[in-house]
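At the far end of the sequence shown sits residue 731, using this note's numbering, and the numbering has no gaps.
Ideal placement from N, C-alpha and C gives every residue a C-beta, glycine not left out.
A quick note: this is a predicted structure, and the numbers were derived from the prediction, not measured.
Data first, discussion second: the structure below is written as structure tokens.
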Amino acid sequence: MQRRTMTIGLAAAAAALGAAVAARRLAPSDPAAGAEQALWSQQWERPEGGIVAAATLRGRPLLLNFWATWCPPCVEELPLLDRFYRERRAEGWQVLALAIDQPSAVRQFLQRQPLSFPVGLAGLGGTDLGRQLGNDTGALPFTVVFDRAGRIAHRKLGQVKPQDLQAWAQAA
């Protein structure tokens, strides 16, 4: 009995340690100095043609999502982000998805799964921007929420869940 209790205790401690290490690894680091300002000066081509400029999105809450077509959690969260945008845009919310991907792959994907919000073709430059905003690993998906003043309010490395969106919307 005592051995079993000790084994269970050790297993629980190992699980807690593993969870702590994983949480630390998935926690975004501090943004680089000037990262917010760098974002607002950028612009990206859109898959359907034209340009989306970050400066035109300033002044209202913005959910910025870094994604790729080859990233299953990214693809899985896009319908959730689209629903969030459609439900919250009347409140001023904006969503911008920056694709860290080949333009042709993004175009093909959007033909199958159209989105209501703008998509920018960020390519590898998007990875650099993500790193400036605190995604040191370059992992996807990565989401950054900016407040009305254009400052970072929230960041999440990994798939966005409905409770994340609800908390962010209530805090805005």
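Under the three-state DSSP convention, the category residue i falls into
i, result
"G609", "coil"
"V719", "coil"
"Q653", "strand"
"G682", "helix"
"A698", "coil"
"A658", "strand"
"A664", "helix"
"L692", "coil"
"F643", "helix"
"R619", "coil"
"A602", "For the record, residue 602 in the displayed sequence is Gln; it is not Ala. Of the three classes helix, strand and coil, the one that applies to Q602 here is strand, per DSSP."
"W629", "coil"
"A594", "helix"
Cβ shell of residue i (< 7 Å), same chain only, five flanking positions each side left out
i, result
"C633", "W626, A627, L699, P700"
"G709", "E595, W599, R617"
"S675", "D641, Y644, R645"
"C630", "L699, P700"
"D723", "K715"
Residue of the options minimising C-alpha distance to residue i
i, options, result
"S588", "H713, V665, Q729", "H713"
"G608", "V665, E650, E646, R645", "V665"
Inter-residue spacing [alpha-carbon to alpha-carbon] between residue i and residue j
i, j, result
"P694", "Q601", "Per the sequence shown, the amino acid found at residue 694 is Asn instead of Pro. Answer to the nearest angstrom: the Cα atoms are 18 Å apart."
"I711", "R605", "24 Å"
"W727", "D706", "10 Å"
"R671", "A586", "32 Å"
"R647", "S663", "30 Å"
"A603", "P638", "It should be pointed out that residue 603 corresponds to Trp in this sequence rather than to Ala. About 22 Å."
"A730", "E636", "21 Å"
Contacting residues, own chain, Cβ-Cβ under 6 Å from residue i (five flanking each side not counted)
i, result
"L657", "F625, G679, A681, G685"
"V704", "L622, A712, H713, W727"
Beta-bridge partners of residue i, as assigned by DSSP
i, result
"F705", "L621, I711"
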